[in-house]
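There are 4 protein chains.
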Amino acid sequence: MKTAFKSFASDNNAPVHKAVLQAMLQVNEGDTVGYGDDVHTLEAEQKLKDLFGKDAKVFFMLTGTGANAASLAHITRPFHSIICSDKAHLEKDECGAPEKMTGCKLHTIPSADGKIYTEQIKPFLHSRGFQHHSQPRVISITQATELGTVYHPEEIKQIAHFANENDMYLHMDGARLANAAAALNMPMNELAGSSGVDVLSYGATKNGAMSAEAVIFFNSDLAKDFEYSRKQSMQLMSKMRYVSAQFQALHTGELWLENARRANDMARLLAEKVKGIPSVSITQKVETNAVFAILPAKAIEILQRRYFFYIWDNARNEVRWMTAYHTNEKDIEAFVEAVREAVQ
Amino acid sequence: MKTAFKSFASDNNAPVHKAVLQAMLQVNEGDTVGYGDDVHTLEAEQKLKDLFGKDAKVFFMLTGTGANAASLAHITRPFHSIICSDKAHLEKDECGAPEKMTGCKLHTIPSADGKIYTEQIKPFLHSRGFQHHSQPRVISITQATELGTVYHPEEIKQIAHFANENDMYLHMDGARLANAAAALNMPMNELAGSSGVDVLSYGATKNGAMSAEAVIFFNSDLAKDFEYSRKQSMQLMSKMRYVSAQFQALHTGELWLENARRANDMARLLAEKVKGIPSVSITQKVETNAVFAILPAKAIEILQRRYFFYIWDNARNEVRWMTAYHTNEKDIEAFVEAVREAVQ
Amino acid sequence: MKTAFKSFASDNNAPVHKAVLQAMLQVNEGDTVGYGDDVHTLEAEQKLKDLFGKDAKVFFMLTGTGANAASLAHITRPFHSIICSDKAHLEKDECGAPEKMTGCKLHTIPSADGKIYTEQIKPFLHSRGFQHHSQPRVISITQATELGTVYHPEEIKQIAHFANENDMYLHMDGARLANAAAALNMPMNELAGSSGVDVLSYGATKNGAMSAEAVIFFNSDLAKDFEYSRKQSMQLMSKMRYVSAQFQALHTGELWLENARRANDMARLLAEKVKGIPSVSITQKVETNAVFAILPAKAIEILQRRYFFYIWDNARNEVRWMTAYHTNEKDIEAFVEAVREAVQ
Amino acid sequence: MKTAFKSFASDNNAPVHKAVLQAMLQVNEGDTVGYGDDVHTLEAEQKLKDLFGKDAKVFFMLTGTGANAASLAHITRPFHSIICSDKAHLEKDECGAPEKMTGCKLHTIPSADGKIYTEQIKPFLHSRGFQHHSQPRVISITQATELGTVYHPEEIKQIAHFANENDMYLHMDGARLANAAAALNMPMNELAGSSGVDVLSYGATKNGAMSAEAVIFFNSDLAKDFEYSRKQSMQLMSKMRYVSAQFQALHTGELWLENARRANDMARLLAEKVKGIPSVSITQKVETNAVFAILPAKAIEILQRRYFFYIWDNARNEVRWMTAYHTNEKDIEAFVEAVREAVQ
């Protein structure tokens, strides 16, 4: 049982945004048809279509791992392979759900900053057409990446173009797509459907929701029959209105954007403030809401007595500090002070 | 998009109980470690251990289908078979999640009232030891059954004894275990661990929660490594405190029992009142919160204009009416009146 | 370790036909490219195309279970269901390989003679379009059936038409297709592609080969990428020429037909001869190479001391006697005599 | 359609050894019970027990990929991971069968010579106990490796010790175990069970058989129920006697050893002879029956007009030449001459 006054461990350690809870309370009136055949769900889907395009096919899910694994299973056959960064959530943090659900091989590309490039993907095409080899079918990228960096639209378009030319699909794990959009000051869809993404796992949970994930198909042929994949993947909530309400709240008046901006701003502030501290070095560009830093082992130990956060790479004494929509300047100041003390 | 003033379609059409929502609001304060490593989850697990025995191993899940499929996958190998009623939720209503997740064959037993008996299970043992045949490994029963009937403890014990003698496990789908316990006026565990159940899918969602399911192992050897199965089955919620709060609320002061009793009482009241109506006949014992009835096709059509409920068996003009924790006498009276009018 | 002078247990208890072994010896010369990229395989495929149509897509496999499970997995998604007879090999005798490989639910139809009819399939269509239910996608029939009966072309066409009208595929388990064709005195393809079968598991092993199975797609869109499914299903033989040689031998000069005819003739002879024996009754039409009979339990016991065969239904004292391509009149006479003695 | 007078592409391009075919002919007499319940299979199993220890559990299989994937699936749960070299057959050449059959993640270790070491495996243990990560369960090594190198008994023991200490199993892909044993001049079991291997995929196909693979469990607890895994993995041959006969032939009078020695000798001879040719360099130690060499692109092209072999690494102009049990000195001389000419 780990406790902490303030967690910089993950944006999912944050509470639920009050407006989200309020929306959940509001739909808690009377009977409603289950499994998504209700007016709240229709409205929430419409809000996402307003953002992601009217032809987008939207399916609400329960977990990010569920969104990734179920959507990947839907667009592959087991003899396909999925290409992703070696830092990808679906490679590292889903306990093999992608392999279990898809039956596919995952090919990973070593990535220093969480991003991958077409030049690195090309060699996997050598296995094309040989019956002994898993056939590359999906490229999966994470936006923002697991290292807090972002893909620019041109970068996404280049991968999408490559995927398209080579009979592959582009999947995006958008657990922090909002943060990327806030960082780049662009509409979310500019980084998704408009840049050629075929299927998006869009996560709202880390951005102020309780448990609200979606699979969004831009390539609508791919969406066919996904309702069955969702159910079989155990991701269909019976009292769906409470998921839908979360999406409604976050996508009314751009709350999603405010939340993401705040989280990003606080990470930037944190990075700026710790930069000056001796023996602390920042290891990744701080583009969204994560700060990766190296500091002395002893300092990490002292700091972890007061704050909860993860050691990213034991060998290098590298830690990850994440901010969230509710982090404020005082939190940052107190934390920076604690870092300063720990280092001394 | 189906709408209705009042739904008798399913207990999952009901809203969330106010005390449950209140508990969710109360935990919405500050940061908390994710994925269940928090004090709320510890307390909620303890509450279930108070009910199900201190050695019970409790894992919170997101959907009932997830609880069934993940627990069955955990206690089987793909060459095993699972024996259940032909009315079982896991056979009928989970879009093949059990097959996909376990790789096992499901053997079904025709059941008029939703219950199965050892005499019906015995013939499946003939395949034991033949390498060409899936090997029977799990008997799964539903309590209360999909037809609203209940297993008495002696019945469960008999199946558990048979399972034990034949190197099989007994799984219980307890999506409505609370209703069964209320009907029999017994502690829930009398119908689960104390009667020899090895693994229980315990559902609180239909009894006033929002999305709160659990897998409970009474055979603690079976629980080993289940945390990995849960994660790989995409059933691990990051912001777990909000699931835990639901369990806490329902298991404080026996709210779970009040809710289940109310639902059962209302079904009994409904059954009593429609019994007198000409051309309406009740087809199953009304032991919990479901009423199965046959009425003229024309009457069904008229009634469905005003109320939402499912036709159970088209061929027989049989319908299912379900009550929930929030159904009240006035709801029943109005509905009975509508039935009466529809029949005329 | 069971031994017997003469087995009536299965046509796979027979040795390999001398011409088949001879052909295997003939290809045993020098080096050959592996995995099917050799001239023997090309020629063998051509021989099957001569029988099954020039557009047929032919893939050699190693086991009948492999041919069934891999082909079904290739034409389904895990949320689909497969409809077959409750006597089907893929339901009864493949240790759950279809479920493991496809992830699909198998729906079985009670069948007295091993055959199924569209009227029995129709009710499964009620689940169409409901996200909670596995979606019917394949009808699988066995020709000749596991009970030795045969489908006439009109019967197959009717099922194929029904499948086609309802967006389903028709799969045929043709482990004994040769016997059916011999029985009906028709070309094999009259009972397969020409009658609307989409995918055929064609077995030569029971008809005089050693281990020679094939998946044949008549619907060539379905064949796309099957080479990868075959390899991933562990059915791709490295020294393929030895499988190909078997097919070559059997399909040169209609050896396949001679073999099948002989087996059928011997079963008919057996049936005729035992018919007259008191307390022996034949339970299925003897259309191909199996005789199902009921005889006194004591007689079965006595007979099994001298001959190896299976008890089909213990409860009814029903046995299955199978003949093969090499069974001769003397074998039958001796066996009938033994039956006569056992019964007395 | 590739043809060649003489193939140096793979040892599976060779014909079947005459003694093996002879043994297959010899068992082709009369009826035999199918699926391994026959005297030939019993005898063949005994021969392998003579080599691998009387407690070894032996199961005959049809393909090497089947032996690997089915045995790995049997000793893992889907949330486990399997650690192997990045050159491993199960990573590179089985079209994802391991992932499909096990549901596990494969972790690969970059290997220059095909071998892996405990120091490289250790880092994967960091994921132990975290529910988000696949749990390491099996180390799989290939003997001889895909690069023709061999593990010495001490190296195997070290990995086995490490596996044992860390609650993992050691699997060996022994498709060319005979070649390794011949190279080291040791009994095969010295490199398998006696060195701590838990499960072995033992392949005879590349050593003169037609299609004869086996899974051998040294840890007999692991063997429990494997007959069902074999059947469900579609690896159970009905006419088993013909597989058994192959094993019998190869393990009578040490034919397996003669074959392996001859193949190794010929590779060594080839390596010695090409070493002197300008612009040809050998890239791997020639310990068994493979020679890896770099030569000019133009020379490769010329040589491939006359001989069939694979380019191993296009970027480096590296080729693989394999010898087999039937390669002779004249074959080598002619080939070396051709290399010499091609290079000029």
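Protein chains in written order, with our numbering: chain A, 180 to 523; chain B, 180 to 523; chain C, 180 to 523; chain D, 180 to 523. Glycine residues also receive a C-beta, built at the ideal position from the N, C-alpha and C atoms.
For a quick check, are the C-beta atoms of residue i and residue j less than 9 Å apart?
{"i": "Asp217/C", "j": "Ser423/C", "result": "yes"}
{"i": "Phe341/A", "j": "Ile300/A", "result": "yes"}
{"i": "Leu379/B", "j": "Phe397/B", "result": "yes"}
{"i": "Val470/A", "j": "Ala446/A", "result": "yes"}
{"i": "Thr324/C", "j": "Gly293/C", "result": "yes"}
{"i": "Lys271/C", "j": "Ser290/C", "result": "no"}
{"i": "Phe487/B", "j": "Lys226/B", "result": "no"}
{"i": "Tyr407/B", "j": "Gln411/D", "result": "no"}
{"i": "Leu198/A", "j": "Thr431/A", "result": "Reading off the sequence shown, one finds Ala at residue 198/A, where the question assumed Leu. Yes. Within cutoff."}
{"i": "Ser260/D", "j": "Phe303/D", "result": "yes"}
{"i": "Ser399/D", "j": "Lys228/D", "result": "no"}
In the DSSP assignment, find the unbroken alpha helix (DSSP H) run with residue i in it and report its ends.
{"i": "Ile254/B", "result": "Element bounds for Ile254/B: n/a, residue is neither H nor E."}
{"i": "Val199/B", "result": "Lys197 to Gln205"}
{"i": "Met351/B", "result": "From DSSP, Met351/B is part of no alpha helix (DSSP H) but of the beta strand (DSSP E) over Tyr348 to Gly353."}
{"i": "Leu230/A", "result": "Val218 to Phe231"}
{"i": "Leu379/D", "result": "That residue, Leu379/D, is in no alpha helix (DSSP H); its beta strand (DSSP E) goes Val378 to Gly382."}
{"i": "Val422/A", "result": "Arg420 to Leu429"}
{"i": "Pro302/D", "result": "Pro302/D -> no alpha helix (DSSP H), and no H or E assigned at all."}
{"i": "Phe341/A", "result": "Pro332 to Glu344"}
{"i": "Lys385/B", "result": "Note, Lys385/B: premise wrong, no alpha helix (DSSP H); not H, not E."}
{"i": "Val329/A", "result": "First-last for Val329/A: undefined, no H or E at that position."}
{"i": "Lys271/B", "result": "His268 to Lys271"}
{"i": "Glu516/C", "result": "Glu508 to Val522"}
{"i": "Ala291/A", "result": "Premise fails: Ala291/A is in no alpha helix (DSSP H) and is neither H nor E."}
{"i": "Asn358/B", "result": "Leu356 to Leu363"}
Starting from residue i, trace the beta strand (DSSP E) in both directions and tell me its first and last residue.
{"i": "Pro277/D", "result": "Premise fails: Pro277/D lies in the alpha helix (DSSP H), Ala276 to Thr281, not in any beta strand (DSSP E)."}
{"i": "Arg499/C", "result": "Glu497 to Met501"}
{"i": "Asp404/D", "result": "Looking at the DSSP string, Asp404/D is not in any beta strand (DSSP E), and its letter there is neither H nor E."}
DSSP puts residue i in a beta bridge; with which residues?
{"i": "Ile262/D", "result": "His286/D and Ile318/D"}
{"i": "Val394/B", "result": "Phe238/B and Ser380/B"}
{"i": "Ser186/A", "result": "Phe487/A"}
*Select from the segment 253-265 of chain B all residues with a C-beta closer than 9 Å to any C-beta belonging to chain D, and list them in chain order.*
His253, Arg256, Pro257, Phe258 and His259
_At a CB distance below 7 Å, what residues from the segment 387-399 of chain C approach chain B? Give them in sequence order._
none
*asked:* Output needed in chain order: residues of the segment 495-512 of chain B with a Cβ under 8 Å from some Cβ in chain D.
replied: none
_chain B contacts from the segment 310-344 of chain C (Cβ-Cβ distance under 9 Å)_ = Gln310, His311, His312, Ser313 and Gln314
*In chain order, which continuous runs of the beta strand (DSSP E) of length 3 or greater are located wholly inside the segment 432-495 of chain C?*
Whole beta strand (DSSP E) segments, 3+ residues: 469-473 and 489-492.
*Could you please tell me which residues of the segment 207-219 of chain A, in chain order, have their CB closer than 7 Å to any CB of chain B?*
Going along the segment 207-219 of chain A in chain order, one finds Asn207, Glu208, Gly209, Asp210, Thr211, Val212, Gly213, Asp216 and Val218 with a Cβ nearer than 7 Å to chain B.
*Check each residue of the segment 396-430 of chain B: if its Cβ is closer than 8 Å to any Cβ of chain A, include it; give the result in chain order.*
Tyr407, Lys410, Gln411, Ser412, Met413, Gln414, Leu415, Met416, Ser417, Lys418 and Tyr421
*Members of the segment 370-386 of chain A near chain B, C-beta cut-off 7 Å*: If the cut-off is 7 Å between Cβ atoms, the segment 370-386 of chain A has Thr384 near chain B.
_Along the segment 275-308 of chain B, where does the CB come closer than 7 Å to a CB of chain A? Name the residues._
Gly275, Ala276 and Lys279
*Please name the residues in the segment 344-362 of chain A whose beta-carbon is closer than 7 Å to at least one beta-carbon of chain B, in chain order.*
Those would be none; no residue qualifies.
_Using a Cβ-Cβ cutoff of 8 Å, what residues of the segment 457-469 of chain C are near chain D? List them in chain order._
none
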